[in-house]
Structures are given as C-alpha cells and as structure tokens.
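Note sheet for the following structure.
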Amino acid sequence: MTTSATGATVSARDLSVRYSSSSPETRAVALDGVNFDLSPGEVLAVVGESGSGKSTLARVVALDVDRLDDSSPRISGGELNVLGARVRGISPRRRSRVGLYVGYVPQEAGDRLQPRLTVGENVAEPIYARDRRFNQNDAGEAVATVIDAVRLPLTVMNRYPHELSKGQRQRVAIARAMILEPKLLVADDPTAGIDVTARRAILDIIVSLQRERGFSTLIVTADLAEVRRVSTRVAIMHRGVIVASGQLDEVLATAEHPYVKGLARSQDGGRWSAS
0 MTTSATGATV
10 SARDLSVRYS
20 SSSPETRAVA
30 LDGVNFDLSP
40 GEVLAVVGES
50 GSGKSTLARV
60 VALDVDRLDD
70 SSPRISGGEL
80 NVLGARVRGI
90 SPRRRSRVGL
100 YVGYVPQEAG
110 DRLQPRLTVG
120 ENVAEPIYAR
130 DRRFNQNDAG
140 EAVATVIDAV
150 RLPLTVMNRY
160 PHELSKGQRQ
170 RVAIARAMIL
180 EPKLLVADDP
190 TAGIDVTARR
200 AILDIIVSLQ
210 RERGFSTLIV
220 TADLAEVRRV
230 STRVAIMHRG
240 VIVASGQLDE
250 VLATAEHPYV
260 KGLARSQDGG
270 RWSAS
C-alpha cells in the first residue's frame, strides 16, 4: 500500500457523502464538501457534536462505504484517497485488499465481538479472513503479542466476551483492529460508555501503540479533553463540514465559526465536551 499523490495516508477533497433514502440515518447530517489530509504517522482527532458527521467520516475512511445495504454511506461528490486507493467507486475486491491495511474500531466495538467465540478467536478472525490456511501456531503467537500490547493478561484469550468488563472488551476490539499491523487506525469514539479510569487507559494504549508502530490515526471523539491525550491536531466538524482545523490551542484561540467559539467559551479547567 502507498500514500496518495499528495503523500498523505488519507486525502479528502470536496468530499460529500449521503445515505440512501430508505436509511434512517438520512435524518442525520452526512458530509458536505470535506477537505483534509492525514499524513503518515500523524494522529488527527475529529471532534463534533452528535450528528455532526464525524462518525460518517470515520466509516468512509475505514472503507465502510458504497456497500449494497441501505445503511451504508455513499460518496456522492468529491474524492477520497486512502493508502493510495481512490475510494469512490472502489470495487469490493479492491476494498477488501486495501482494508487489510486499515484497522477499524467502530462505535461500541467491544460489544460487537462474536459472543460464541473466545477472545483469542475474535482477535484472530482477520488473520483467517486474509488467509484461511494461516498456520495456527503462528496465529496464536500473533494474538498473544497483540493481547499483551493492549495490556490484558494472556489468560483472557480463552475467555468469552461476556466474561469481560466493557473496558476490557474495548481493549480486545483494539487488539483485533491491530492484529494485521495496519498502516492506518480509525477509532470512532473508542471510550464511549466507559468509566473515566478505563477511558484514560484506552487512550494511553492507542497512543502507545501509535508511537511504537508509527501508523496514521484518525480518532473521533466528542470530548476535547481526550484530544489533548492523543493529538495536538484537531478537525472540528459541524453539520457535515470541517469548520476549523489545526493545532488545538490555536484553533480555539482564533475561533471564527460560532460553534468553535462556543467550544472555546465552554472551557472549564481544561475539560470540555463538544456534544
């Protein structure tokens, strides 16, 4: 996999995204003329209130786009390149191939684990999706390595998702996203519904993995306090548009858009919410 012509891991130009008319998500804002670049090894935090389009952006960057089901977002205008691949009109085969290099942690990912599979089997799934004949012992070693990387004891490999806490399940989901050593990680609100201590641990794991492995990261959050833990660069979304981007402190200090001004005014001891 390569970067785009601009040298970016992800590049969006005037990107517009819509849902099919039969989808309930048409009531929410999608994307309307989005522009941004994500460089190799960079971490970009995407911030916005509910319905701002940030989760749609995560989905399309993670290649969850233009599928046959009605709930799938569809690129209706502009261009999106991910790891050198033009996403608009991408074939299923090409999408699957590029997707091997993209780790995706969707919303509530820990609760989407297969309940009848052990943790180890859940994490190993992408390996066998890529190569059904992959050596079982080698797969087991890879799973153990990534389970250790997300700071879980190896004993969890033989347990089932329902036996773990929500925070632990979220770590398993991150391990699953990292098992193929992706060049890009997309994490959509990975700390949602988790207590404060566990949230910090999840963010620290993502930061540690990113620094160690050097992959590009797009992380979605509604909590600006989390931005400071993972990235200094932020893109703020409102009604399907990126209304401000750059270094967090500078964006807030020079805010021009009313929504961004509201975020700046809502600061309280360094912890604020975009929702």
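Counted from 1, the sequence shown has number 130 at position 131 by numbering that gives the first Met the number 0; the numbering is strictly sequential.
We put the CB at the ideal spot given by N, CA and C, even for glycine.
Computed from a predicted model, the values in this text were never measured in an experiment.
Check                                                                                                                           : Outcome
Separation of Q135 from I178, as counted between CA atoms                                                                       : 14 Å
Buried/exposed call for Y258, threshold 16 Cβ in 10 Å                                                                           : buried
Residues bridged to M236 (per DSSP)                                                                                             : G47, I241
Pairwise C-alpha distance: S75 and G32                                                                                          : 10 Å
Cβ-Cβ distance between S84 and R93 below 9 Å                                                                                    : Residue 84 is actually Ala in this sequence, not Ser. In this structure, R93 lies closer than 9 Å to A84 by Cβ.
Alpha helix (DSSP H) runs contained entirely in the stretch 95-156, provided each spans 4 or more residues                      : 118-129, 135-148
Own chain residues within Cβ distance below 6 Å of A174, not counting five before or after                                      : V122, V145, I146, V149
Simplified DSSP assignment, three categories, for S207                                                                          : helix
E225 - DSSP class collapsed to helix/strand/coil                                                                                : helix
DSSP state of A7 mapped onto helix, strand, coil                                                                                : coil
Cα-Cα separation between V42 and Q209, rounded to whole angstroms                                                               : 8 Å
DSSP three-state assignment for D194, whether helix, strand or coil                                                             : coil
CB contact flag (I235, V185, <9 Å)                                                                                              : no
Secondary structure of I201, DSSP reduced to three states                                                                       : helix
Top-ranked residue by Cα proximity to L262, from T154, A224, V171                                                               : A224
C-alpha gap between E48 and V64, whole angstroms                                                                                : 22 Å
Beta-carbon proximity check, I201 vs R158, cutoff 9 Å                                                                           : no
Exposed unless 16 or more other CB atoms sit within 10 angstroms - verdict on R26                                               : Residue confidence is low: R26 scores 47 on pLDDT, short of 50, so the model does not pin down where it sits. Its coordinate-derived value is still stated next. With fewer than 16 Cβ atoms within 10 Å of its Cβ, R26 is classed as exposed.
Contacts around V142, its chain only, beta-carbon distance under 6 Å, and the 5 residues preceding and following it disregarded : G119, V122, A123
Residues of its chain near T216, where Cβ-Cβ distance is below 6 Å and the 5 sequence neighbours each way are ignored           : V42, L184, Q209
Inter-residue spacing [alpha-carbon to alpha-carbon] between R96 and Y127                                                       : 14 Å
Collapsed DSSP secondary structure at A186 in the structure displayed                                                           : strand
Run of the beta strand (DSSP E) containing S70, from where it starts to where it stops                                          : Per DSSP, S70 belongs to no beta strand (DSSP E) and is neither H nor E.
Residue nearest to S265 in terms of C-alpha spacing, selected from R238, R228, D222                                             : D222
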